[in-house]
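Enquirer: First the structure, then my questions, so here it is.
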Amino acid sequence: MKPILLFMGRACISLGSRTRAIGNAAKSQIVTNVRNTIHGFKKLHGRSFDDPIVQTERIRLPYELQKMPDGSAGVKVRYLEEERPFAIEQVTGMLLAKLKETSENALKKPVADCVISIPSFFTDAERRSVMAAAQVAGLNCLRLMNETTAVALAYGIYKQDLPQLDEKPRNVVFIDMGHSAYQVSVCAFNKGKLKVLATTFDPYLGGRNFDEALVDYFCDEFKTKYKINVKENSRALLRLYQECEKLKKLMSANASDLPLNIECFMNDLDVSSKMNRAQFEQLCASLLARVEPPLKAVMEQANLQREDISSIEIVGGATRIPAVKEQITKFFLKDISTTLNADEAVARGCALQCAILSPAFKVREFSITDLVPYSVTLRWKTSFEDGSGECEVFCKNHPAPFSKVITFHKKEPFELEAFYTNLHEVPYPDARIGSFTIQNVFPQSDGDSSKVKVKVRVNIHGIFSVASASVIEKQNLEGDHSDAPMETETSFKNENKDNMDKMQVDQEEGGHQKCHPEHTPEEEIDHTGAKTKSAVSDKQDRLNQTLKKGKVKSIDLPIQSSLCRQLGQDLLNSYIENEGKMIMQDKLEKERNDAKNAVEEYVYDFRDRLGTVYEKFITPEDLSKLSAVLEDTENWLYEDGEDQPKQVYVDKLQELKKYGQPIQMKYMEHEERPKALNDLGKKIQLVMKVIEAYRNKDERYDHLDPTEMEKVEKYISDAMSWLNSKMNAQNKLSLTQDPVVKVSEIVAKSKELDNFCNPIIYKPKPKVEVPEDKAKANNEHNGPMDGPSGTETKSDSTKDNSQPTKSSGEMEVD
Numbered sequence: 001m002k003p004i005l006l007f008m009g010r011a012c013i014s015l016g017s018r019t020r021a022i023g024n025a026a027k028s029q030i031v032t033n034v035r036n037t038i039h040g041f042k043k044l045h046g047r048s049f050d051d052p053i054v055q056t057e058r059i060r061l062p063y064e065l066q067k068m069p070d071g072s073a074g075v076k077v078r079y080l081e082e083e084r085p086f087a088i089e090q091v092t093g094m095l096l097a098k099l100k101e102t103s104e105n106a107l108k109k110p111v112a113d114c115v116i117s118i119p120s121f122f123t124d125a126e127r128r129s130v131m132a133a134a135q136v137a138g139l140n141c142l143r144l145m146n147e148t149t150a151v152a153l154a155y156g157i158y159k160q161d162l163p164q165l166d167e168k169p170r171n172v173v174f175i176d177m178g179h180s181a182y183q184v185s186v187c188a189f190n191k192g193k194l195k196v197l198a199t200t201f202d203p204y205l206g207g208r209n210f211d212e213a214l215v216d217y218f219c220d221e222f223k224t225k226y227k228i229n230v231k232e233n234s235r236a237l238l239r240l241y242q243e244c245e246k247l248k249k250l251m252s253a254n255a256s257d258l259p260l261n262i263e264c265f266m267n268d269l270d271v272s273s274k275m276n277r278a279q280f281e282q283l284c285a286s287l288l289a290r291v292e293p294p295l296k297a298v299m300e301q302a303n304l305q306r307e308d309i310s311s312i313e314i315v316g317g318a319t320r321i322p323a324v325k326e327q328i329t330k331f332f333l334k335d336i337s338t339t340l341n342a343d344e345a346v347a348r349g350c351a352l353q354c355a356i357l358s359p360a361f362k363v364r365e366f367s368i369t370d371l372v373p374y375s376v377t378l379r380w381k382t383s384f385e386d387g388s389g390e391c392e393v394f395c396k397n398h399p400a401p402f403s404k405v406i407t408f409h410k411k412e413p414f415e416l417e418a419f420y421t422n423l424h425e426v427p428y429p430d431a432r433i434g435s436f437t438i439q440n441v442f443p444q445s446d447g448d449s450s451k452v453k454v455k456v457r458v459n460i461h462g463i464f465s466v467a468s469a470s471v472i473e474k475q476n477l478e479g480d481h482s483d484a485p486m487e488t489e490t491s492f493k494n495e496n497k498d499n500m501d502k503m504q505v506d507q508e509e510g511g512h513q514k515c516h517p518e519h520t521p522e523e524e525i526d527h528t529g530a531k532t533k534s535a536v537s538d539k540q541d542r543l544n545q546t547l548k549k550g551k552v553k554s555i556d557l558p559i560q561s562s563l564c565r566q567l568g569q570d571l572l573n574s575y576i577e578n579e580g581k582m583i584m585q586d587k588l589e590k591e592r593n594d595a596k597n598a599v600e601e602y603v604y605d606f607r608d609r610l611g612t613v614y615e616k617f618i619t620p621e622d623l624s625k626l627s628a629v630l631e632d633t634e635n636w637l638y639e640d641g642e643d644q645p646k647q648v649y650v651d652k653l654q655e656l657k658k659y660g661q662p663i664q665m666k667y668m669e670h671e672e673r674p675k676a677l678n679d680l681g682k683k684i685q686l687v688m689k690v691i692e693a694y695r696n697k698d699e700r701y702d703h704l705d706p707t708e709m710e711k712v713e714k715y716i717s718d719a720m721s722w723l724n725s726k727m728n729a730q731n732k733l734s735l736t737q738d739p740v741v742k743v744s745e746i747v748a749k750s751k752e753l754d755n756f757c758n759p760i761i762y763k764p765k766p767k768v769e770v771p772e773d774k775a776k777a778n779n780e781h782n783g784p785m786d787g788p789s790g791t792e793t794k795s796d797s798t799k800d801n802s803q804p805t806k807s808s809g810e811m812e813v814d
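All the letters of the sequence shown, read from the start, carry residue numbers 1 to 814 under full-length UniProt numbering.
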């Protein structure tokens, strides 16, 4: 079974002197443990410390950012009483490891696989960073899923009224404005099919920007009104952020003036102010103006008009702001829909995707076609005066996952450099994706350039790569080939095998996506970027022409990759090792705290019981002595015992139990003894009735063995003597004294009685066989059968002579 993990933008991790707190436990420490509580770190993934975005975030964050040895951004916190740097992959790995633990506790089984959602505008470097974080947590990421795509899946898979595959698709706009980003996508739906047509975004617009506008306003007001500079005090600033967020939510439901009151805010001052919705909208006018441009851009990219849109679905906390809704409604000229859960839609989409990818669940077929958010170009050196050529292999909004094959004519190893075509569209300072060196390229035997086929792909995670390369070696080919720098017509391998390979690649990358041989997500192009004919018949014609001339042999070539901001395997392994150590430290600290809490709980619980239910079972002298022990233990817990190893607390608890268990035992014996005695007494009385009936020659027991019955009679006599003696002795004791007989002994005696007596007194009466001729005569005398369906009924005399037995095998005694 595969868990569903959502990459939370507002997750919190707090590091302390002994352990880590993650999630809600960490969120409560944002104000009290300011410098060591990490939050808002999603934007730091895959970025260098010198990145402008990192430097902008650095000003906003209360904790310290640090440059890591590889140049990436990390955080510096105090953990285990020492200053320690953590890479962002480690921080997110902590979060994912906690979610993994939570999933395992809920499922009661190990968890290895997951689906993680990310913003649709994440670049390759950011996506690889999140994948590395999953590895740090010990998880296998089945898919990095764009958040808007996850929302679309959560919307579409439950719709029963989607148009058929041969009908015009239903177009739906999804708008997600969360804490720190604004994303818009247009999706086309058919029955069992989802295709993302276009996506746009504003990575710097979200709910926190509206919070910041309020914070800046109140900081200026408090500076004038109270003569305090809030931005110089990290703790006070965080408290103001929290209160402004609450005020923003209240203004979404109320248009009247709302108060802002914070006690002991700063320098022992209580501060107060007020704000209404109209003021808020005027304050955030510049932010609200940024809502419409992505909406306009996504419609242009999808080549759709407003009337082509069936529905507008909104999710994300910031979409609850009335002015944001108004901007969206004004643009589309139709009402917006809030059928999706604004906070959980992305998580639900991830859950569904996980179920689709998992063999453990049976889910209705639903294919997903995502897209490439940025155009990708390949550049390489040519043989003409060391010039360079380039080709745009994936355009913006190209379907994904997808593979393409590019053909080169080369005589030696060459390097391909992948980069984003239009850097101004990418919220990342570096256009480079990575470089890929195609090795072991050699000229043909006749000196001609070798034909090298390179497969590039955007995989299910949205990450670009050069997947494979192969050289086509000519064998006994007719004709002459010059050292041409480009190819205008592509040669193919065996067509059946080629189609099979394409199908296999598609299944590998798309997982659930259904493809057909005539339409696979793979194209073959020459290195000028021109597409070849894709029809199967054209390919087969060229294949036949090639085979007439001679034979070709395909040889796989090794590829050496150098990716932008790629985390080294050695460094990743060290992060995985460190996370394992921290998990073990957390486990040991939890066990230590549990042992300490057990002592504290025992002290309070036992002291409370001493004044109530245990009061009758302890002498005044022992009560005084035990109360002193409990008080001393309580004082120890808050003084010398505040920080002790686990074993010290375990020993302390055992010491307390030596005093408490005898009292607890007396109480439990007193409570349970009457029932045990009553049960044993009832069983003795039942056997005595059977003995009396046997003595009175009751025909129900005339089959019992006299010798055996004598043994039963003697056993019952001894049992009665034992019971009476124990009860008399127990009645003479006070409640503070140890009992003469324990409940366990009485229960054992009761079981012994059952085992000895029941096989004898409940021995079944042997059946008497009626001779055949006598039975026949009785049937003739009694007349025809009276029972239903020809079944003969028994006579009254037969009923009277039957043996009375209970269904449990015990005889019922009058």
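Ideal placement from N, C-alpha and C gives every residue a C-beta, glycine not left out.
Going by other Cβ atoms of all chains shown within 10 Å of its Cβ, with 16 needed for buried, is residue 155 buried or exposed?
Expert: The residue you call residue 155 lines up with position 155 of the sequence shown. Per the 10 Å Cβ criterion, buried.
Enquirer: Leaving out the 5 sequence neighbours to the left and right, which residues in its chain are closer than 7 Å to residue 425 when beta-carbon positions are compared?
Expert: Counting from 1 along the sequence shown, the entry for residue 425 is found at position 425. Correct list, in chain order: 374.
Enquirer: Have a look at residue 60 and residue 555 and give me their C-alpha separation to the nearest angstrom.
Expert: For this step, residue 60 is matched to residue 60 along the sequence shown. For this step, residue 555 is matched to residue 555 along the sequence shown. So the two alpha carbons sit approximately 54 Å from each other.
Enquirer: Per DSSP, residue 266 is paired with what?
Expert: Along the sequence shown, one-based indexing puts residue 266 at 266. Per DSSP, 269.
Enquirer: Report yes or no: do the region 448-463 and the region 399-410 share at least 3 C-beta pairs separated by less than 8 Å?
Expert: Yes, the region 448-463 touches the region 399-410.
Enquirer: Using C-beta distances below 7 Å, list every residue in its chain close to residue 828, excluding the 5 sequence neighbours before and after it, in chain order.
Expert: The requested residue 828 does not occur in the structure, where the chain is confined to residues 1 to 814.
Enquirer: Could you name the residues that DSSP lists as bridge partners for residue 398?
Expert: The residue given as residue 398 occupies position 398 in the sequence shown. Per DSSP, 372.
Enquirer: Report all residues from its chain with a CB closer than 6 Å to the CB of residue 504; omit the five preceding and five following residues, and keep chain order.
Expert: The residue given as residue 504 occupies position 504 in the sequence shown. Note on residue 504: pLDDT 31, under 50, position unreliable in the model; the coordinate value appears next. If we look at residue 504 and ignore the five residues flanking it on each side, it has no Cβ neighbours.
Enquirer: Going by CA-CA distance only, name the one from 209, 164, 595 that's closest to residue 180.
Expert: Within the sequence shown, residue 180 is the residue found at index 180, counting from 1. Ranking 209, 164, 595 by Cα distance to residue 180 puts 209 first.
Enquirer: Going by C-alpha distance, which of 711, 667, 577 is nearest residue 736?
Expert: Stepping through the sequence shown from its first residue, residue 736 is reached at position 736. Closest option to residue 736, Cα to Cα, is 667.
Enquirer: For the beta strand (DSSP E) containing residue 289, list its first residue and its last residue.
Expert: The residue you call residue 289 lines up with position 289 of the sequence shown. No beta strand (DSSP E) contains residue 289, which DSSP labels as neither H nor E.
Enquirer: Once the 5 residues before and after residue 688 are set aside, which same chain residues still bring their CB inside 7 Å of it?
Expert: By 1-based counting over the sequence shown, the position of residue 688 is 688. Excluding positions up to five away in sequence, the list reads 716.
Enquirer: Does the Cβ of residue 198 have 16 or more other Cβ atoms within 10 Å, making it buried, or fewer, making it exposed?
Expert: Here residue 198 is taken as the residue at index 198 of the sequence shown, counted from 1. By the 10 Å Cβ count, residue 198 comes out buried.
Enquirer: Got a sec: does the ligand FAD put a non-hydrogen atom nearer than 8 Å to the Cβ of residue 579?
Expert: Judged by which ligands are present, the structure shown has none, so any question about the ligand FAD falls away.
Enquirer: Please list, in chain order, all residues of the same chain as residue 81 whose beta carbon is under 6 Å from its beta carbon, the five residues on each side excluded.
Expert: On the sequence shown, residue 81 is found 81 positions in, with the first residue counted as 1. Counting only Cβ-Cβ distances below 6 Å, and skipping sequence neighbours, we find 17.
Enquirer: Quickly, what does DSSP pair residue 420 with across the bridge? List them, please.
Expert: Translated into positions along the sequence shown, residue 420 becomes position 420. For residue 420, which the question treats as bridged, DSSP gives the partners 376.
Enquirer: Buried or exposed for residue 161, please, with buried defined as at least 16 other CB atoms from any protein chain shown within 10 angstroms of its CB.
Expert: As a first step, residue 161 is located in the sequence shown; it is residue number 161 there, counting from the start. So residue 161 counts as exposed.
Enquirer: Please check the pair residue 20 and residue 582, which I expect to be a contact at CB under 8 Å, by giving their CB distance rounded to whole angstroms.
Expert: Along the sequence shown, read from residue 1 onward, the residue named residue 20 stands at position 20. Along the sequence shown, read from residue 1 onward, the residue named residue 582 stands at position 582. So it is a contact: roughly 7 Å between Cβ atoms.
Enquirer: Measure the Cβ-Cβ separation of residue 567 and residue 70 and say whether it is below 9 Å.
Expert: Looking up residue 567 in the sequence shown gives position 567. Looking up residue 70 in the sequence shown gives position 70. Yes, Cβ-Cβ distance for residue 567 and residue 70 is below 9 Å.
Enquirer: Using a Cβ-Cβ cut-off of 6 Å (strictly less than) and excluding sequence neighbours within five positions of residue 596, which residues of its own chain qualify?
Expert: Numbered from its first residue, the sequence shown carries residue 596 at position 596. Excluding positions up to five away in sequence, the list reads 649.
Enquirer: Does DSSP classify residue 464 as helix, strand or coil?
Expert: To locate residue 464, count along the sequence shown from 1; it is residue 464. Three-state DSSP puts residue 464 in a strand.
Enquirer: Taking CB distances under 9 Å as the criterion, tell me whether residue 180 reaches chain D.
Expert: The chain inventory of the structure shown lacks chain D, comprising one protein chain alone.
Enquirer: For residue 248, is the classification buried or exposed, using 16 other Cβ atoms within 10 angstroms of its Cβ as the cut-off for buried?
Expert: The residue labelled residue 248 in the question sits at position 248 within the sequence shown. When all chains shown are included, residue 248 counts as buried.
Enquirer: In whole angstroms, what is the alpha-carbon distance linking residue 305 and residue 394?
Expert: For the purposes of this step, residue 305 is taken as residue 305 along the sequence shown, with counting starting at 1. For the purposes of this step, residue 394 is taken as residue 394 along the sequence shown, with counting starting at 1. Their Cα atoms are separated by approximately 25 Å.
Enquirer: Please report how far the alpha carbon of residue 820 lies from the alpha carbon of residue 398, in whole angstroms.
Expert: Because the chain here runs from 1 to 814, residue 820 falls outside it and cannot be looked at.
Enquirer: Among 576, 706, 606, which one has its Cα closest to the Cα of residue 692?
Expert: Mapped onto the sequence shown, residue 692 falls at position 692. Selected option, being the one with the closest Cα: 706.
Enquirer: What do you reckon, are the CB atoms on residue 653 and residue 604 nearer than 9 Å?
Expert: As a first step, residue 653 must be located in the sequence shown, where it is residue number 653. As a first step, residue 604 must be located in the sequence shown, where it is residue number 604. No, they are not a contact pair.
Enquirer: CA-CA distance, residue 594 and residue 467?
Expert: Working through the sequence shown from its first residue, we reach residue 594 at position 594. Working through the sequence shown from its first residue, we reach residue 467 at position 467. Using only the alpha carbons, I get a separation of about 51 Å.
Enquirer: Is it a yes or a no for the region 348-359 touching the region 96-109, going by three-plus beta-carbon pairs under 8 Å?
Expert: Output reads no: the region 96-109 does not touch the region 348-359.
Enquirer: In chain order, what are the residue ranges of uninterrupted beta strand (DSSP E) at least 3 long that sit wholly in the region 96-140?
Expert: Here the runs fully enclosed are 113-118.
Enquirer: Could you tell me which residues DSSP puts in a beta bridge with residue 315?
Expert: Position 315 of the sequence shown, counted from the start, is the residue given in the question as residue 315. Its beta-bridge partners are 176.
Enquirer: Taking the C-alpha atoms as reference points, what is the distance between residue 731 and residue 662?
Expert: Along the sequence shown, read from residue 1 onward, the residue named residue 731 stands at position 731. Along the sequence shown, read from residue 1 onward, the residue named residue 662 stands at position 662. Cα to Cα, the separation comes out at about 19 Å.
Enquirer: How far does the beta strand (DSSP E) with residue 697 in it reach, from first residue to last?
Expert: Residue mapping note: residue 697 aligns to position 697 of the sequence shown, counting from 1. No beta strand (DSSP E) contains residue 697, which DSSP labels as neither H nor E.
Enquirer: Using only the alpha-carbon positions, how far apart do residue 497 and residue 147 sit?
Expert: Within the sequence shown, residue 497 is the residue found at index 497, counting from 1. Within the sequence shown, residue 147 is the residue found at index 147, counting from 1. Any reading at residue 497 is ruled out, since the residue's pLDDT is 34, under 50, leaving its predicted position unreliable.
Enquirer: How long is the line joining the alpha carbons of residue 750 and residue 743, rounded to whole angstroms?
Expert: Residue 750 sits at position 750 when you count from the first residue of the sequence shown. Residue 743 sits at position 743 when you count from the first residue of the sequence shown. Cα-Cα distance, rounded: 11 Å.
Enquirer: Please return the same chain residues whose Cβ sits closer than 7 Å to the Cβ of residue 548, not counting the five positions on each side in sequence.
Expert: As a position in the sequence shown, residue 548 is number 548, starting the count at 1. Low per-residue confidence applies at residue 548: pLDDT is 49, beneath 50, and the placement is therefore not dependable, though the value from the model is reported in the following sentence. Closer than 7 Å at the Cβ level, and outside the excluded window around residue 548, lies no residue.
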